[in-house]
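Q: Heads up: the sequence shown is residues 70 to 445, going by my numbering. A virtual CB, placed ideally from N, CA and C, is assigned to each residue, including glycine. Before anything else, here's the structure in question.
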Amino acid sequence: MENNKISLAIFGNQNSNSGFQPLYWINNPPQQLENIVPPGMDENPYFFTLQVLPAHTQYTLIHNRVSSYMSVRPGVLKMAIAIPKGYTIRDGVSPLEVLLDVRQQFIETCMTLRDTQTDAYNYKEKLADPDIFVKIVDSYQLVPDRRPHFPMKGTEDAVMLLDDMAISELFVAPQHPEFQQFKSIVIANKGNVSVYKTQFNGIMASAIPAKAETPTEKTISSRESTAPTTKASVSKDKSAQQKKFLIILLCILLIIGGAVFLLRPKSDKKAKKEDVIEIAENNQKDDVDDDIEANKEEADQEISDIEDLSDMEIDKKEMEDSKQPVNATNAIPAGDEPAAVSESHRHVDKPRQEEKRERITVVDNKDGKPTAEDDR
């Protein structure tokens with residue numbers, strides 16, 4: 070047997086006259102397979118046996134309802150893989166997977182289905198090329214395994230009725246101190262267990278015994294589990310901190326958003342109010358300016374009317390004076406005529422000019438009120 074490979078042995082009675090014999094022998098299996106079928110397991114299409122031996126662990130699939138070529142008499146088919154002590158299949162693959170791959174290939178290439186209702190098979194006249202099975206077992210690589218090895222030393226078989234998932238898990242880790250008292254463990258989905266041991270030191274055979282670790286293995290296991298546990302704790306703490314930070318950040322954003330939402334209408338209202346006040350002030354200022362301008366125009370018009378009226382009165386007076394007769398007593402010496410005329414004009418114009426001063430006012434402030442008289 071090669072230490073770094075899985076070995077495969079397939080035994081059966083292909084021909085009714087040849088008896089039970091090896092059909093395939095791959096990677097130097099450590100032992101022959103016996104022509105013995107454990108009783109009480111006929112209900113299963115196939116079932117398994119497990120043996121932990123000093124140098125290796127052997128996993129055997131026993132197929133029910135097979136017959137030799139061109140025969141209806143019940144025959145035998147066994148296929149077994151062996152894994153050396155201190156090794157296991159890479160990536161935690163179960164030996165059950167290897168056995169099922171081998172069975173499927175053997176059924177397809179070396180058997181024919183005789184009865185679909187009972188899943189009964191017959192051997193073919195010729196077997197397939199061994200290379201197809203070599204490729205299957207060699208596709209599964211072995212790696213070192215530091216778990217302890219507990220060889221079986223008993224003389225009786227025990228039985229365990231398990232589902233396929235439990236069988237797969239048991240095949241990955243078959244090393245149990247409780248198994249040392251037996252010769253082998255028969256494993257099936259269902260069957261008659263009355264002829265087998267059904268308890269392992271008080272533990273029912275329907276449950277896989279808890280694995281007992283040696284002090285050395287406990288130390289190794291502790292060392293291997295410390296780093297992942299610490300890393301997991303750190304990762305968990307980091308995740309919790311990130312979650313807490315995100316919650317705080319979300320709360321802050323919500324508060325800011327709410328404040329903006331509440332303050333924004335007030336700001337707009339205040340701005341609108343200021344705009345209205347400014348417009349009102351501007352309109353009021355424009356109205357005052359318009360009133361002042363109107364008062365100025367009205368005052369200018371009144372002044373112009375007064376001037377026109379004064380000129381008309383002066384012209385009328387002059388015309389009346391020119392119509393009066395001139396006599397000797399009223400005659401004015403020629404040399405003194407300008408002075409007399411000047412005095413007469415002064416006598417006539419003085420009251421009118423005073424009247425003009427009294428009636429003319431100037432408006433020059435924004436309130437539209439008269440502030441001073443114009444002495445024009």
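What number of angstroms, rounded off, separates the C-alpha of aspartate 233 from the C-alpha of isoleucine 256?
A: 10 Å
Q: Taking 8 Å as the cut-off, does the segment 162-172 touch the segment 137-144 (at least 3 CB pairs, one atom from each stretch)?
A: no
Q: What residues in its chain sit with their C-beta under 8 Å from that of valine 206, if we drop five residues either side in the sequence?
A: Lys74, Ile75, Ser76, Leu77, Ile95, Asn96, Ile150, Val167 and Val171
Q: Look at the Cβ atom of proline 213, then the Cβ atom of tyrosine 156, and state whether they are nearer than 8 Å.
A: yes
Q: For the candidate residues Gly260, Asp200 and Lys154, whose alpha-carbon lies nearest to that of alanine 227?
A: Gly260
Q: Exposed or buried, what is threonine 126 when buried is set at 16 or more other beta-carbons lying within 10 Å of its beta-carbon?
A: buried
Q: For the beta strand (DSSP E) containing serine 253, name the first residue and the last one.
A: 253-257
Q: May I have the straight-line CA-CA distance separating methionine 229 from phenylalanine 219, to the nearest angstrom?
A: 18 Å
Q: Between proline 153 and isoleucine 131, what straight-line distance do the alpha-carbon atoms span, to the nearest angstrom?
A: 21 Å
Q: Tell me, please, which residues DSSP counts as bridged to serine 136.
A: Pro143 and Asn191
Q: In this structure, what does DSSP give as the bridge partners for histidine 125?
A: Pro153
Q: Of all the options Phe175, Leu378 and Asp380, which has the alpha carbon lying nearest to the alpha carbon of leucine 92?
A: The candidate whose alpha carbon is nearest that of leucine 92 is Phe175.
Q: Sort Asp111, Ser379, Leu122 and Asn84 by Cα distance to phenylalanine 248 and report the nearest one.
A: Leu122
Q: For the alpha helix (DSSP H) that proline 164 lies in, which residues bound it at each end?
A: 164-179
Q: Among all the DSSP beta bridges, which residues are the ones paired with leucine 77?
A: Ile95 and Ile150
Q: Evaluate isoleucine 324 with the Cβ neighbour count: other Cβ atoms within 10 Å of its Cβ, from every protein chain shown; 16 or more gives buried, anything less gives exposed.
A: exposed
Q: Please report the distance separating the alpha-carbon of serine 140 from that of glutamine 90.
A: 17 Å
Q: Can you tell me the Cα-Cα spacing of alanine 189 and serine 137, whole angstroms?
A: 11 Å
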